[in-house]
Amino acid sequence: MATAATAAKKTTTTQSTKSKKAKDESSTPVHATRKPRRTPHSTRIEVFCDAGFNNTLFIRGEGCSSLSWSAGTPLTNVNSDCWVWESSQPFSETVQYKILFNDCSYEQGENRKIECGESQSITPRF
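Quick note on numbering: the sequence shown equals residues 14 to 139 in this note's numbering.
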């Protein structure tokens, strides 16, 4: 009889351990398994242009503290024909901008526009 009571006790202990594990797994926050996202203020412009050796693309504009119409900001060259400007600073206005070749020749056309948190891929014409 002692054996039957011991077996019943083990079964009860095993069942309560399983139910505790199930509760622990169901209470795991969903966000703990998600991949980190870009910040909502991260704004990115990818410019596709083969500028050639020893040339640089620049951006000028307004609406973001890192941009100005009087001095260009160099873009980061990520490969032979891709240049990137990124800002993690929040801004409330719509940014207007233009791409420049060697900070002296403006791209053709109207000013481009981008909102805070957006990403754009563009191909300027000079």
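All C-beta atoms, glycine included, are put in the ideal place defined by N, C-alpha and C.
Q. Who are the near neighbours of SER55 in its chain, counting only those whose CB is closer than 8 Å to its CB and skipping five residues on each side?
A. GLU99, SER100, SER101 and GLY130
Q: Keeping to the same chain, check which residues put their C-beta closer than 6 Å to that of ARG125; ignore five residues upstream and five downstream.
A: The residues are TYR110.
**Q.** Supposed contact pair VAL60 and ILE127 - C-beta distance, whole angstroms, cut 8 Å
**A.** Incorrect: roughly 12 Å between the Cβ atoms, too far for contact.
Q | Cβ-Cβ separation, SER79 to THR86 (assumed contact under 8 Å), whole Å | A | 6 Å
Q. Taking C-alpha atoms, which residue in TYR119, SER132, SER81 and ASP63 lies nearest to ASN90?
A. ASP63
Q. Contact check, LEU88 vs PHE66 under 8 Å by CB: the rounded distance?
A. That belief does not hold up - the Cβ atoms of LEU88 and PHE66 are roughly 16 Å apart, past 8 Å.
Q | 8 Å CB neighbourhood of ARG138 in its chain, flanking five on each side removed | A | GLU120, GLN121 and GLY122
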